[in-house]
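Residue numbers (my numbering): 1 to 485. Glycine is no exception: its CB is placed at the ideal position from the N, C-alpha and C atoms. Working notes for the structure below.
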Amino acid sequence: MVRRLVLGCGHAGEVVLGVVSTWGGELWAVVPDDRAVDGTAGATTVVHGDPADPETYPETAETVLVLGDDAADNLAAARRAREVFPDALFVACTGRDGDRSDFEPFADRVLDTHQVVSERVLDSVTGGAAERTRRLLDVLRGIDGRLAVVTHDNPDPDAIASAVALVDIARSVGVKAEPCYYGGISHQENRALVNLLELDLRHLDGSGEIEAYAGVALVDHSRPGVNDGLDPETPIDVVIDHHPPRAPVKAEFVDLRSAVGATSTLLTEYLQRLGVDLNREIATALLYGIRVDTRDFTREAVNSDLEAAAFLSQYADASVLERVKSPQMSPDVLATLAAAIRNREVRGDVLTSSIGSIRDRDALAQAADKLLGMEGVCVSVIYGFRDETVYLSARSRGAGIDLGEVLRDALGPIGSAGGHADMAGAQIPLGILGTVDEESSESLSDIVDEVITERIFEVLEDPPISPPFDPTATDVAFEFPLADE
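As structure tokens, then:
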């Protein structure tokens with residue numbers, strides 16, 4: 001069955017047709033012979049002929065949209081199509097100088113042509129959902145070959161889910177795509193998510209591998225070479241992220257929205273608008289991504305996150321979610337947690353702990369979560385080093401500070417740092433710390449402890465205050481989404 005029939009395609013019609021083509025399902029367009037139309041690329045079938053001639057119509061139609069420029073032609077098409085499809089939903093544009101009252105006997109809804117054009121301009125300026133979807137599809141269709149959908153290093157559930165969802169969207173418009181990542185998936189919950197859902201992600205270990213792809217998309221981060229293994233000069237086709245960076249983002253299509261709690265929410269919106277058949281694996285991954293990034297809707301969650309979760313719950317596998325939440329804890333995680341407890345230092349309500357050399361960087365985040373539960377602790381900062389880099393994970397609860405800004409002020413000058421008000425992380429090259437005091441006889445571990453701890457406590461003496469969460473904000477500063485936050 002043809003779900004939507006478009007009759008005529010004037011200037012306003014091209015606008016509406018471009019939007020309707022993103023809704024998914026069969027779309028049949030009848031375009032006058034003398035009308036050259038560029039906006040029909042998303043239509044399933046395009047027939048050139050008279051929109052008022054039933055011979056140009058499909059056998060069935062659930063919705064009929066009359067979208068020509070000429071009022072008389074539109075009225076003729078609406079009158080004839082109503083006879084052929086008496087039970088269909090009818091939407092008609094008045095055309096130039098058309099009278100709404102003439103169309104009301106035939107159409108369920110009448111649109112003023114000038115109003116449609118005005119709304120289209122406003123939608124373009126404000127980046128409306130339909131316009132974003134259309135532009136995303138335009139960019140995807142323009143990729144001649146395979147698309148690499150790249151997460152940030154050591155991807156978390158939100159990044160993993162967003163990658164597999166964007167791959168599914170690309171495939172829906174005939175573009176071959178693969179979800180890719182650098183680093184590792186070592187957090188046991190993340191591994192459980194990938195294994196239980198049998199998600200097929202490609203591991204990249206060199207920047208040269210990306211040359212095999214015709215296009216590159218970034219999800220849950222926005223700049224090549226920043227927290228991923230790409231060359232910083234890599235051309236990017238698509239960026240979808242809920243962490244706007246401080247530096248400019250260059251890509252053919254960019255969707256950066258800080259007023260949502262997870263990138264998975266944004267991908268769910270695209271899937272809904274496109275009508276893509278949502279399978280169990282992707283729905284489950286997206287729902288888990290939203291739950292993790294919003295901390296089960298207790299951290300910076302907005303209506304969009306809740307609506308996306310409600311939609312996904314119809315398709316997600318609840319039993320898999322429960323199994324992902326309760327995976328077995330690896331010996332490395334247990335060792336890290338034990339070392340964090342043993343080496344902790346508490347000043348007031350702030351706890352810091354150095355693990356020393358680590359094998360699993362994701363274990364730092366889990367230790368930071370656990371130690372935040374200690375009585376009297378409002379801030380936990382856990383760090384360790386491996387591969388010539390110090391990794392740090394921090395958490396706060398009820399501290400009234402912006403933890404991401406604290407780490408950025410304290411450690412940004414010697415490394416990379418950023419995050420949310422209550423969850424943040426940092427990475428610092430060991431070489432920088434090794435030159436702090438060349439005459440010192442202290443071990444490298446002692447130098448790391450001294451530099452990091454003192455820098456953090458120095459900033460905490462006059463900390464950046466965490467502002468109330470503004471769900472309408474679009475300019476949240478964020479250096480990059482650290483995988484071990």
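- Taking C-alpha positions only, leucine 267 is separated from histidine 243 by approximately 14 Å.
- Shown here, arginine 342 sits in a helix according to DSSP, grouped into three states.
- Across the set Val346, Ala165, Lys176, Ile236, the C-alpha of Val346 shows the shortest separation from the C-alpha of isoleucine 456.
- Beta-bridge analysis with DSSP links serine 357 to Phe385.
- Judged by beta-carbon spacing, arginine 273 lies within the 8 Å limit of threonine 133, meaning their Cβ atoms are closer than that value.
- Partner residues in the beta bridge of phenylalanine 90, as assigned by DSSP, are Val64.
- In the DSSP assignment, glutamate 375 is bridged to no other residue.
- Under the DSSP assignment, glutamine 188 falls in the alpha helix (DSSP H) whose first and last residues are 188–197.
- Under DSSP, alanine 394 shares a beta bridge with Val381, Ala424.
- For glutamate 178, the pairing in a beta bridge is given by DSSP as Ala148.
- Residue pairing for isoleucine 240: DSSP places it in a beta bridge opposite Val219, Asp255.
- Sixteen is the threshold: when 16 or more other Cβ atoms of the shown chains lie within 10 Å of the Cβ of serine 353, as they do, the residue is buried.
- Between phenylalanine 85 and aspartate 108, the C-beta spacing is not below 8 Å.
- Looking at Glu83, Pro105, Gly68, the one whose alpha-carbon comes closest to that of aspartate 97 is Gly68.
- Here the alpha carbons of glycine 145 and asparagine 195 stand approximately 28 Å from one another.
- Between glycine 419 and proline 429, the CB-CB gap reaches or exceeds 8 Å.
- Contact between the region 215–233 and the region 149–163 is present: three or more C-beta pairs spanning the two stretches fall below 8 Å.
- For alanine 177, the closest alpha carbon among the candidates Ile282, Leu403, Gly261, Val149 is that of Val149.
- Looking at the backbone, the Cα of glutamate 388 and that of isoleucine 452 are separated by about 15 Å.
- Counted as a single uninterrupted DSSP element, the beta strand (DSSP E) harbouring alanine 29 occupies residues 27–31.
- Counting along the chain, serine 101 sits inside the alpha helix (DSSP H) bounded by residues 100–103.
- Of all alpha-carbon atoms in Leu65, Pro54, Arg295, the one lying nearest the alpha-carbon of glycine 8 is that of Leu65.
- For the set Asp305, His48, Leu201, the Cα lying nearest the Cα of histidine 152 is the one of Leu201.
- Note: alanine 78 is not bridge-paired with any residue in the DSSP secondary-structure output.
- Nearest C-alpha to cysteine 180 among Glu198, Arg191, Asn154: Asn154.
- Runs of the alpha helix (DSSP H) lying entirely within the region 268–322 and spanning at least 4 residues, in chain order: 280–293, 303–313.
- Here leucine 166 is buried: its Cβ has 16 or more other Cβ atoms, across all protein chains shown, within 10 Å.
- In the DSSP assignment, leucine 136 falls within the unbroken alpha helix (DSSP H) covering 129–141.
- Judged by DSSP in its simplified three-state form, aspartate 205 adopts coil rather than helix or strand.
- Residue state for threonine 45 is assigned as strand, using DSSP reduced to three classes.
- At a Cβ-Cβ threshold of 8 Å, methionine 374 and leucine 392 do not count as neighbours.
- Beta-bridge partners of arginine 109 (DSSP): Val91.
- Just measuring C-alpha positions, the residue of Asp53, Ile358, Phe106, His48 sitting nearest serine 186 is Ile358.
- The residue from Phe385, Arg397, Asp277 with its alpha-carbon nearest to that of aspartate 369 is Arg397.
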